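The structure under discussion appears below in the form of structure tokens.
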Amino acid sequence: MTLTAITALFATSLLTLKAASATREQCGWGLPRSPLQYLPLCLDDTAGPDPSTWAPWTHKPACVEADETPWCVFTNAAMPRGNGERRGISIVTTPALAADAFDLTRHPLAAAFDAIPPKKRFDALPYEVRDVPGKGKGAVATRRIEKGRVVLIDHVMVLATTEFPADVMHEEVQELLSRGVEQLNESESVYGLAKKGREEQGLTEVEDVLLTNSFEIAIEDQSYMWIFPDLSRLNHACKTTLAMTVWSSRDIEPGEEITITYSDTDQTYAERQKTFAQVWGFDCTCSLCTAPEQQRNASDKRRLRIHMLRERVLKRAKEGDFKRAIKATEELFQVAEEEGLTPHMGDLYEIPARLYYQVGDLERAREYTKRSLYQVEGLGVPGGKDIERVRVLKGVLSRIENEMENTKGPGEGQGEERG
């Protein structure tokens, strides 16, 4: 599963990056390189045998030395999830990022849950994990889930960089990853995600899980693999019932499997199947991928058209050709609706709102601003960045409505392009 742009629920609420100079020296420098079996402990002037010196970590950091900086595993096994559980978190990275991630130990999940309006959340999970024919384990709805309801809030348990320096051996990386999982209170929640048949590829269970169940998220322009154990139980479907932000993009009926899409919405059938086989090791058998060839071909054409229209909208807008950009935007949303991808278009609603404002069509500008606001506030789970976005959108909406009220007569102020 790859997320190039995840919502603020994960990117902000679950990982608030702040400078934490007091923990910059959590791991010392200049550790002697040693074989894997003598994996050194991360030491500095204060970290010693006394556990009180390891804060905020519950286990003494373990590291391997590289040319420029050590790479370590940091674990806080006592980190709460907001529901009484203490699954904990392990971070495999450099000391600098571990210091920046200090606030991960601050109960972020509870804050995210409390920020959700009661009418949008469930007191108990609205699904159960059970065997799904041909897919292994999956999440199946146990009650009706209305569109826009929060289905799941999960907490990252393992966070690991996607790239290690060339001078760090593969076996050392395996040791760091395995140690990070084993130090967690519910390590079986991670190991249980592993698929069988990977041993012949020389992969450990943790590597197997990372390859098949991790989300890729960038922090400070560096990619990291995130494991959300509960979220990973949601299987793939090319027409998703869950829009990757853990809220339902449409009504879900009892007994229906809850799915998310692992692929980019622009990918064709052949591209999706290749990605699934190479990266996740499965053949997709969702309703779209098993549809008749004629239906799949029609879907491919729509998805390619969506990609082309996105590029055209941005190009026309950049050129200042707002009317042609608007025409392309309207077609984009029409094709997306035909393909069932409207929930993935939320970020694009601001574009026609701006375009219509530029050509003086305040009514349509207001309509699309409201749509954009609804996607963030009405369907999503606003976190730090989205809360700011909501504030800005409400300000834009207020300005548009004020301009409409100040129009002296019918049609005045409409249809004139703005500079």
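The sequence shown runs -22 to -1, 1 to 397 under mature numbering (1 follows the signal peptide of the UniProt record, and there is no 0). Glycine residues also receive a C-beta, built at the ideal position from the N, C-alpha and C atoms. Treat the numbers as computed from the prediction; the structure is a model and nothing was measured.
(request) In angstroms with no decimal places, state the Cα-to-Cα distance between residue 170 and residue 53. (result) Linking residue 170 to residue 53 through their CA atoms gives a straight-line distance of about 19 Å.
(request) In the DSSP assignment, find the unbroken beta strand (DSSP E) run with residue 128 in it and report its ends. (result) Looking at the DSSP string, residue 128 is not in any beta strand (DSSP E), and its letter there is neither H nor E.
(message) Can you tell me whether residue 370 is buried or exposed? The criterion is at least 16 other CB atoms within 10 Å of its CB, across all chains shown.
(response) With a threshold of 16 other beta carbon atoms within 10 Å, residue 370 falls short and is exposed.
(message) Using the three-state DSSP reduction, which class does residue 108 fall into: helix, strand or coil?
(response) Under the three-state reduction of DSSP output, residue 108 falls in the strand class.
(request) With distances taken Cα to Cα, identify the nearest neighbour of residue 119 among 132, 46, 236. (result) For the residues 132, 46, 236, the minimum Cα distance to residue 119 belongs to 236.
(request) Could you work out which residue in 353, 355, 354, 338 is closest to residue 382 when comparing CA atoms only? (result) Across the set 353, 355, 354, 338, the C-alpha of 338 shows the shortest separation from the C-alpha of residue 382.
(request) Counting only the same chain and skipping the five closest in sequence on each side, list residues whose C-beta sits under 7 Å from that of residue 348. (result) Contacts found: 375.
(request) Sort 255, 210, 246 by Cα distance to residue 238 and report the nearest one. (result) Minimum Cα-Cα distance from residue 238 among the listed residues 255, 210, 246 corresponds to 210.
(message) Are the CB atoms of residue 160 and residue 42 within a distance shorter than 8 Å?
(response) Not closer than 8 Å, so no.
(message) Closest to residue 299 by C-alpha separation, out of 288, 336, 279, would be which residue?
(response) Among 288, 336, 279, the Cα nearest to that of residue 299 is on 336.
(request) Take residue 306 and list the residues in its own chain whose beta-carbon comes closer than 7 Å to its own, dropping the five residues that flank it on each side. (result) Here the set comprises 287, 290, 291, 294.
(request) Using three-state DSSP, classify residue 235 as helix, strand or coil. (result) For residue 235, the secondary structure class from DSSP, reduced to helix, strand or coil, is strand.
(request) Using the Cα positions of residue 194 and residue 203, report the straight-line distance between them to the nearest angstrom. (result) Residue 194 and residue 203: Cα-Cα distance of roughly 5 Å.
(request) Name the one or two DSSP bridge partners that residue 348 has. (result) When beta bridges are read from the DSSP output, residue 348 appears opposite no residue.
(request) Please decide whether residue 132 counts as near chain C, where near means a Cβ-Cβ distance under 8 Å. (result) Included in the structure is just one protein chain, with no chain C present.
(message) Using C-beta distances below 8 Å, list every residue in its chain close to residue 316, excluding the 5 sequence neighbours before and after it, in chain order.
(response) Counting only Cβ-Cβ distances below 8 Å, and skipping sequence neighbours, we find 280.
(request) Report all residues from its chain with a CB closer than 6 Å to the CB of residue 379; omit the five preceding and five following residues, and keep chain order. (result) No residues qualify anywhere along the chain.
(request) Inspect the beta-carbon positions of residue 146 and residue 205 and report whether they are closer than 8 Å. (result) Taking 8 Å as the cut-off, the beta carbon of residue 146 is found no closer than this to the beta carbon of residue 205.
(message) Please give the ranges of any alpha helix (DSSP H) in the stretch 270 to 305, keeping only runs that are unbroken, at least 4 residues long and fully inside the region.
(response) If we require 4 residues or more, the alpha helix (DSSP H) runs fully inside the stretch 270 to 305 come out as 271 to 297.
(message) Just to confirm, is the Cβ distance from residue 127 to residue 226 under 8 Å?
(response) Closer than 8 Å, so yes.
(message) Measuring only the C-alpha atoms, how far is residue 83 from residue 308?
(response) Bear in mind that a pLDDT of 43 at residue 83, under 50, signals an unreliable position, so the number given afterwards is only what the model happens to contain. Between the alpha carbons of residue 83 and residue 308 lies a distance of about 45 Å.
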